[in-house]
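*Asks:* So for the sequence shown, our numbering puts the first residue at 1; every next one is plus one. Handing you this structure, nothing more for now.
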Amino acid sequence: MRTTLNVPAPLSPASNALSNEGHPALRWVSLQSLTVIFLGGLNLMLIQWILVRELTTLLLGTELVVLLISGAYFVGLSVGYLVSSRIPQRWLLPCSVLMIALHLSLPIWFRLITVGFIRLDAYWLAFIVFPLAIPFVVSSFYSIFLPRFADTRGLGIGSLYAVELLGSAAGVMILVALGGLGLLTVLAIYAVSGLMLLFLLDARRALVVAVAMAIIPWLYGFDAVNKWSNARWFEAIYHLPDGTETLLSTYSAYQKVDILQAPNGARYLYLDGLLHFGTDRWSRLNVVMGSVPADLVHPARTLVVGAGSMQMERFIAERGGVVTTVELDPAVVEASSRFLSDYNLMNVLTNRRIIIDDAKHFVANDSETYDLIATDVPSPFAIQTATLYSVPFYEQISKRLSPNGVLVVNLTTVLNHENVTAKRIAASLLAVFPDVVVVTSRTSGLSFAFAGKHLPFDLGQLTGTLVANDEADFLIMQREVVAETVGEAAPITLDSMDLVLRISASRILDRLKGN
1 MRTTLNVPAP LSPASNALSN EGHPALRWVS LQSLTVIFLG GLNLMLIQWI
51 LVRELTTLLL GTELVVLLIS GAYFVGLSVG YLVSSRIPQR WLLPCSVLMI
101 ALHLSLPIWF RLITVGFIRL DAYWLAFIVF PLAIPFVVSS FYSIFLPRFA
151 DTRGLGIGSL YAVELLGSAA GVMILVALGG LGLLTVLAIY AVSGLMLLFL
201 LDARRALVVA VAMAIIPWLY GFDAVNKWSN ARWFEAIYHL PDGTETLLST
251 YSAYQKVDIL QAPNGARYLY LDGLLHFGTD RWSRLNVVMG SVPADLVHPA
301 RTLVVGAGSM QMERFIAERG GVVTTVELDP AVVEASSRFL SDYNLMNVLT
351 NRRIIIDDAK HFVANDSETY DLIATDVPSP FAIQTATLYS VPFYEQISKR
401 LSPNGVLVVN LTTVLNHENV TAKRIAASLL AVFPDVVVVT SRTSGLSFAF
451 AGKHLPFDLG QLTGTLVAND EADFLIMQRE VVAETVGEAA PITLDSMDLV
501 LRISASRILD RLKGN
C-alpha cells in the first residue's frame, strides 16, 4: 500500500520521533521528497535548454535577448520559492499535468503566438509578453518543491539544494550525451521524468496511464508539427512564400540551425533565426569574398573561418588549391552538407577539408600559412562572434598569412560615417594590417575589406576582377579613405565588447518601436 505524500505539512513531533526510529513509511516519504527535488532540477535544465534555444530564435537572438530570457527564467525560480507555501496540496497534480503539456509543446505554441503578433503588426509584444510569461509557465513550477520539503525531518535546506543541483547536473549530462540526437529525444526524456514526478506525487495509476497515452501520439507526430510551426514562423517574420517547408530544424550546443525550402526550390539557412544564406545578397557576398580574391591571389592554400552555406568555399575551390574550413558547430556543417550541396558542391569537389574547432584556438595553434583567409561569420550580435572581429584575432590571422596573403572580411553593413559596426571592424583591421582596401557592393548592400601586409594586386586589377565576376555597381576605398571614414571609432578588443550590447539594445528598441 502506497504512502500518501502530503507535501506542504511539516512533520509533527510524533512523526519526528518515528523518524528517529527509522520508520519505513517516513524513509519512503524522504526518498520521495528527494526524488521529486532531483527530477525538478533535471527537468528545469532540460526545459531551460529548449527555452533559450527557441526564444533566442523567435526574438532574433542577440546577446541582450539571451540575457533577458535567462534573467526571466531565474526570476521564475524566485517566484516559485516565494509562492510555494501558498499553493494548496490539491493543486499540485493538476499543475503538474498542465506543466507537462505546456513544456512538451513549448516550441509550438511559442512560435504560433509570435506568428499571431506578427500578423497583428505587433511583433514588439513578443519582447514584453514572453519575458513576463517565462517565470510563470516555465521555471517557477519546479522550484516550489524545495521549500515545501525544507522542514522534512533529517533533510536540511543544504541537502535539498545539493539534490536539486545533482538533478541539474544530470540534466546537463543528458544534454551533452543525447542532445545531439535532437529535440524529440530531449522531450521524450522530459516526458518520462514528468510521468515519474506524477507517480511520486501520488497520482492515481489511471491518471499516469492517461497522461502517458496522450504523450505517446504527441511525440510520434511531433516532428511534423514542429516543422510545420517552424515554417509558419519563418514565413511570417521573413515574408517567405506560402508553402515554404522546413527541411531541418535542430538545436545544437551553440545555436538553433534551420534549413527551409520555398515552393520554387530556393533554400535558406538560418542560425538562431538570422538569415545566413538564401537570397541574392548572400550569393553576391560569397562571390565578392570567394571568387574575387581567388581570381586575384590564385591561392594554393585557403582558410575559411565559419562554414555557413560553404558556397564561398566552393567558389574558391573551383579555382584550385586546398580549401580548409574551420567551424565550431558540427550541426552547421551537417546541415549545409546535407541540404545545400547544390550550392556548395561538397559531394563533388575533393580539394576541401573541414575541421571542427574553435576558430581562435585553431588559428592560434595552426602551423600552416595561407595565401587567402576569409571570415564567413555572423554579425557581432554576441560576444563569441564579436571576438572574431577583434584586434587579437586579426593579429593571430596575420601570423597565418603568407607574405602576400590576403584576408577578406565582411564589414556586415556599408562602411560610411554613420554605421558604427562597420567602422569598428575596419578600425580593428587598420590597427593590424598595413594594407587595407574596402569594396562596397551596392548590389549586396555590404562592404568588404581586403587586408594584408602587402596586397598582391592594384586597384585596376581589383576593379577588373569585380567586373569579371558580374559586380557592376561598387565603390573602392583605399586605406587613406578608409581611415578617414573610420575616424575616431575604436578597434574591437577583448575588453571593449560594448559594441555587442549597443547592437543588441538598438535591435530590441527597434522591435519595441515596431520597426
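Positions of the beta carbon are idealized from the N, C-alpha and C atoms, including for glycine.
Ignore the nearest five residues each way along the sequence and tell me which others in V322's own chain have a CB closer than 8 Å to its CB.
*Replies:* Start at 1 with the first residue of the sequence shown, and residue 322 comes out as number 322. These residues qualify, in order along the chain: A300, R301, T302, N351, R352 and R353.
*Asks:* Does DSSP put N416 in a helix, in a strand, or in coil?
*Replies:* For the purposes of this step, residue 416 is taken as residue 416 along the sequence shown, with counting starting at 1. Of the three classes helix, strand and coil, the one that applies to N416 here is coil, per DSSP.
*Asks:* Given V137, which residues of its chain have a CB within under 7 Å of its CB, disregarding the five upstream and five downstream residues?
*Replies:* For this step, residue 137 is matched to residue 137 along the sequence shown. Only L102 meet the Cβ criterion.
*Asks:* Quick one, which of R511, L372 and Q311 has its alpha-carbon nearest I397's?
*Replies:* Stepping through the sequence shown from its first residue, residue 397 is reached at position 397. Of the listed residues, the one whose Cα sits closest to I397 is L372.
*Asks:* Residues in its own chain within less than 8 Å of A206 by CB, not counting five upstream and five downstream?
*Replies:* On the sequence shown, residue 206 is found 206 positions in, with the first residue counted as 1. Cβ neighbours of A206 beyond the five flanking positions: none.
*Asks:* Rounded to a whole number of angstroms, what is the C-alpha to C-alpha distance between V467 and Q461?
*Replies:* On the sequence shown, position 467 is the one that residue 467 refers to. On the sequence shown, position 461 is the one that residue 461 refers to. Cα-Cα distance, rounded: 10 Å.
*Asks:* Short check: CB of V288 to CB of F448, under 8 Å?
*Replies:* One-based indexing of the sequence shown puts residue 288 at position 288. One-based indexing of the sequence shown puts residue 448 at position 448. Cβ atoms of V288 and F448: closer than 8 Å.
*Asks:* Tell me the residue span of the alpha helix (DSSP H) that contains Q255.
*Replies:* Locating residue 255 in the sequence shown gives position 255, counting from the first residue. Note, Q255: premise wrong, no alpha helix (DSSP H); not H, not E.
*Asks:* Between which two residues does the alpha helix (DSSP H) holding E334 run?
*Replies:* Looking up residue 334 in the sequence shown gives position 334. Segment P330 to F339, the alpha helix (DSSP H) holding E334.
*Asks:* With V420 and A489 assumed to form a contact (beta carbons below 8 Å), what rounded beta-carbon distance in angstroms separates them?
*Replies:* Counted from its first residue, the sequence shown places residue 420 at position 420. Counted from its first residue, the sequence shown places residue 489 at position 489. Right, their Cβ atoms sit about 7 Å apart.
*Asks:* Would Y73 be called buried (16 or more neighbouring beta carbons within 10 Å of its own) or exposed?
*Replies:* Position 73 of the sequence shown holds residue 73. Buried, by the Cβ-count rule.
*Asks:* Helix, strand or coil for E471 per DSSP?
*Replies:* Position 471 of the sequence shown, counted from the first residue, corresponds to residue 471. E471: coil per DSSP, three-state reduction.
*Asks:* Which complete alpha helix (DSSP H) runs does the region 51-106 hold, if anything under 4 residues is left out?
*Replies:* Counting whole runs of 4 or more residues, the region 51-106 contains the alpha helix (DSSP H) stretches 63-83 and 92-104.
*Asks:* Taking I108 as the reference, give the member of F393, S249 and I383 with the closest Cα.
*Replies:* As a first step, residue 108 must be located in the sequence shown, where it is residue number 108. Of the listed residues, the one whose Cα sits closest to I108 is S249.
*Asks:* Please give the ranges of any beta strand (DSSP E) in the region 195-277, keeping only runs that are unbroken, at least 3 residues long and fully inside the region.
*Replies:* Within the region 195-277, the complete beta strand (DSSP E) runs of at least 3 residues are 245-251, 256-261, 267-271 and 274-277.
*Asks:* In chain order, which continuous runs of the beta strand (DSSP E) of length 3 or greater are located wholly inside the region 413-456?
*Replies:* As far as the region 413-456 is concerned, its whole beta strand (DSSP E) runs of at least 3 residues are 435-441 and 446-452.
*Asks:* Where do the ends of the beta strand (DSSP E) carrying N351 lie?
*Replies:* Along the sequence shown, one-based indexing puts residue 351 at 351. Segment: none, N351 is in no beta strand (DSSP E) and carries neither H nor E.
*Asks:* Quick check: the Cα distance between P10 and R148, rounded to an integer number of angstroms?
*Replies:* Residue 10 sits at position 10 when you count from the first residue of the sequence shown. Residue 148 sits at position 148 when you count from the first residue of the sequence shown. Confidence in P10 is poor, its pLDDT being 41 and thus under 50, which makes the residue's placement too unreliable to answer from.
*Asks:* Within the same chain, show all residues whose beta-carbon is closer than 8 Å to that of S504, passing over the 5 residues directly before and after it, in chain order.
*Replies:* What you label residue 504 is simply residue 504 of the sequence shown in a count that begins at 1. T62, E63, L64, V65 and F381, listed in sequence order.
*Asks:* Do the region 274-283 and the region 385-397 make contact, defined as three or more Cβ pairs closer than 8 Å?
*Replies:* Output reads no: the region 385-397 does not touch the region 274-283.
*Asks:* Can you tell which of W91, H298, Q255 and P241 has its C-alpha closest to the C-alpha of V406?
*Replies:* Numbered from 1 along the sequence shown, position 406 holds the residue referred to as residue 406. Of W91, H298, Q255 and P241, the residue nearest in Cα terms is H298.
*Asks:* Would you check if there are 3 or more beta carbon pairs closer than 8 Å linking the region 154-169 to the region 90-106?
*Replies:* As far as the Cβ criterion goes, the region 154-169 does not touch the region 90-106, which means the pair count is below three.
*Asks:* Is the beta carbon of F474 closer than 8 Å to that of L436?
*Replies:* Position 436 of the sequence shown, counted from the start, is the residue given in the question as residue 436. Position 474 of the sequence shown, counted from the start, is the residue given in the question as residue 474. The sequence shown places Val at residue 436, not Leu. Cβ distance not < 8 Å, so V436 and F474 don't count as in contact.
*Asks:* So, are the CB atoms of T485 and M477 less than 8 Å apart?
*Replies:* Looking up residue 485 in the sequence shown gives position 485. Looking up residue 477 in the sequence shown gives position 477. It is a contact, given that the beta carbons lie within the stated cut-off.
*Asks:* Does the beta-carbon distance from L446 to V409 come in below 8 Å?
*Replies:* Residue numbering aside, residue 446 sits at position 446 when the sequence shown is read from its first letter. Residue numbering aside, residue 409 sits at position 409 when the sequence shown is read from its first letter. Not closer than 8 Å, so no.
*Asks:* Taking the alpha-carbon positions, what's the L146 to A162 distance?
*Replies:* As a first step, residue 146 is located in the sequence shown; it is residue number 146 there, counting from the start. As a first step, residue 162 is located in the sequence shown; it is residue number 162 there, counting from the start. Those two C-alpha atoms are separated by around 11 Å.
*Asks:* Of all the CB atoms in chain C, is at least one closer than 8 Å to the CB of W282?
*Replies:* Given the protein chain composition of this structure (a single chain), no chain C is represented.
*Asks:* In this structure, how does DSSP classify S379 when only helix, strand and coil are distinguished?
*Replies:* Here residue 379 corresponds to residue number 379 of the sequence shown, with the count starting at 1. Residue state, collapsed to three classes: coil.
*Asks:* Less than 8 Å separating the beta-carbons of L132 and I50?
*Replies:* Here residue 132 corresponds to residue number 132 of the sequence shown, with the count starting at 1. Here residue 50 corresponds to residue number 50 of the sequence shown, with the count starting at 1. The answer is no: Cβ separation not under 8 Å.
*Asks:* Of all the options D272, G265 and P241, which has the alpha carbon lying nearest to the alpha carbon of A253?
*Replies:* For the purposes of this step, residue 253 is taken as residue 253 along the sequence shown, with counting starting at 1. Cα-wise, what sits closest to A253 is D272.
*Asks:* By DSSP, does I492 sit in helix, in strand, or in coil?
*Replies:* Along the sequence shown, read from residue 1 onward, the residue named residue 492 stands at position 492. Reduced to three states, the DSSP call for I492 is coil.
*Asks:* Between L345 and R314, is the Cβ-Cβ spacing less than 8 Å?
*Replies:* If you number the sequence shown from 1, residue 345 lands on position 345. If you number the sequence shown from 1, residue 314 lands on position 314. A contact, by the Cβ cut-off of 8 Å.
*Asks:* For the candidate residues L44, V97 and L98, whose alpha-carbon lies nearest to that of V186?
*Replies:* Along the sequence shown, read from residue 1 onward, the residue named residue 186 stands at position 186. Residue L44 is the option with its Cα nearest to V186.
*Asks:* Taking Y190 and L104 to be in contact with their CB atoms under 8 Å, please state how far apart those CB atoms are, rounded to whole angstroms.
*Replies:* Here the question's residue 190 lines up with position 190 in the sequence shown. Here the question's residue 104 lines up with position 104 in the sequence shown. About 7 Å separates the two Cβ atoms, so the contact holds.
*Asks:* What does Y370 pair with, by DSSP beta-bridge criteria?
*Replies:* As a working note, residue 370 is residue 370 in the sequence shown. Partner(s): L401.
*Asks:* Are G243 and L39 touching if we call contact CB-CB under 8 Å?
*Replies:* Taking the sequence shown and counting its residues from 1, one reaches residue 243 at position 243. Taking the sequence shown and counting its residues from 1, one reaches residue 39 at position 39. Going by C-beta atoms, G243 is not nearer than 8 Å to L39.
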